[in-house]
Amino acid sequence: MTAPLTITTGRGQHRLSVGVAGELDHSTTARLLDRVQADLLPTDTAVVIDTAGLTFCDSAGLGTMVKIHHLLADRGGRLTLTGPTPAMRRLLEITALDTIFTLDPPTA
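For the sequence shown, UniProt numbering assigns the number 1 to the initial residue and increments by one for each residue that follows.
Have a look at this one:
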């Protein structure tokens with residue numbers, strides 16, 4: 001059984017901040033995309049997703065992040081991921097998504 005996905009959002013200047021915790025997989029990705037689309041303002045040019053609380057992310061989760069990236073790219077914006085675990089960072093590197101998304105540098 002999939003662990004629940006918790007999604008929180010906050011606002012900054014032209015920015016939507018999103019916190020995710022739990023499992024981002026085929027059964028939870030629609031919730032994340034729906035929430036981002038619902039909370040994204042026409043003036044927003046950035047979405048920052050804090051992934052530190054993710055315990056799992058599959059290809060559907062990565063695909064949803066790509067969809068969010070395209071939503072922003074269409075308006076000249078950018079997706080930034082903060083707090084990726086070493087495993088998540090490695091997944092992004094293997095799939096070359098680290099060249100598409102902005103990743104915060106790893107903490108020491």
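All C-beta atoms, glycine included, are put in the ideal place defined by N, C-alpha and C.
- According to the neighbour-count rule (16 or more other Cβ atoms, all chains shown, within 10 Å of its Cβ), is residue 44 buried or exposed? buried
- Message: Pop quiz: residue 56 and residue 80 are said to be a contact at Cβ under 8 Å. What is the actual Cβ separation, rounded to whole angstroms?
- Response: 21 Å between Cβ atoms; not a contact.
- Item | residue 51 versus residue 85 - alpha carbon distance | 8 Å
- Message: Looking at the strands, I want to know which residues DSSP matches up with residue 46.
- Response: 15 and 78
- Message: One question on the structure: do residue 97 and residue 62 come within less than 8 Å of each other, judged by their Cβ atoms?
- Response: yes
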